[in-house]
Structure formats: structure tokens, C-alpha cells
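One structure is given below, encoded as C-alpha cells.
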Amino acid sequence: MLSHSASIHSDTPAVASVAVKAQIDVRNGVRDLEEIAGRINERERRAATYAHDQWLENGRDLLTAKAILGHGKFEQWCEWALSYTARTAQKLMRAAEVWVSVVR
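With the sequence shown counted from 1, adding 22 to any position gets you this note's numbering.
Spelled out as C-alpha cells, the structure:
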């Protein structure tokens, strides 16, 4: 069980991890929990790896969409059609532009 009196928050992940382990009394299922944590952490690692590629691909697509839409329509389209703001779209486009220049 988690102890309500002790804090599990810390500035460093290693210390926080030790603190959480010390406060959780599972008695049974330790291996199951380790396996579950391992699967979750692996999926997070893979997601982080592919997120960068997805951001760059989205940035390239956004550059194309902006060219198609023309002046003054892109921000409205972002707000209407996408799950993020026009400012986020601008950041993704800039990242794609910078990356292209680095790769060349």
C-alpha cells in the first residue's frame, strides 16, 4: 500500500523510483508488476523514438497544406481540421524545414 504520510515525489527519477518501491507493499505479484512495467516502458521508448519521425512528416505535410491553402487560410484550417493549434503547426513546419537543411 502507498503510505499517505510519505512523499513519493522527487527531483530525480532514480530517487523517485526507490521511494515508490519502498512505499508499495505488494507481497504477491512482484514479477507481474515488473513485467507490466517493462512492457509499458518499452512501448513508451518506442513511441518516443517514432514521435520525432512523425513530427517531421507532419511538418512536411503541413508545408504542403499551407501551399495549397494560400495566404490567410492556413491558420483557420489548422484550427478546424487538426488536433493542435496553428502555432504548433508552425513549429512542426519549422522543424521540418530545419531538418531538411541539416540532412542535405
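We treat Cβ as the ideally placed atom computed from N, Cα and C, and that holds for glycine.
Remember, it's a predicted structure, so these values are computed and weren't measured experimentally.
According to DSSP, is residue i helix, strand or coil?
| i | result |
| --- | --- |
| Y106 | coil |
| H74 | helix |
| G60 | helix |
| K95 | coil |
Roughly how many whole angstroms lie between the Cα atoms of residue i and residue j?
| i | j | result |
| --- | --- | --- |
| L114 | K88 | 12 Å |
| W121 | E57 | 37 Å |
For residue i, count neighbouring Cβ atoms within 10 angstroms of its own Cβ and tell me buried if that reaches 16, exposed if not.
| i | result |
| --- | --- |
| G81 | buried |
| L84 | buried |
Go through its chain and collect everything with a Cβ distance to residue i's Cβ below 6 Å, but skip five positions before and after it.
| i | result |
| --- | --- |
| A111 | L84, C100 |
Could you tell me how far apart the beta carbons of residue i and residue j are, in whole angstroms, since I believe they sit closer than 8 Å?
| i | j | result |
| --- | --- | --- |
| A118 | L78 | 5 Å |
Quick check: does the Cβ of residue i come within less than 8 Å of any heavy atom belonging to the ligand FMN?
| i | result |
| --- | --- |
| E64 | With respect to the ligand FMN, the structure offers nothing, as it holds no ligand at all. |
What residues in its chain sit with their C-beta under 7 Å from that of residue i, if we drop five residues either side in the sequence?
| i | result |
| --- | --- |
| E97 | A108 |
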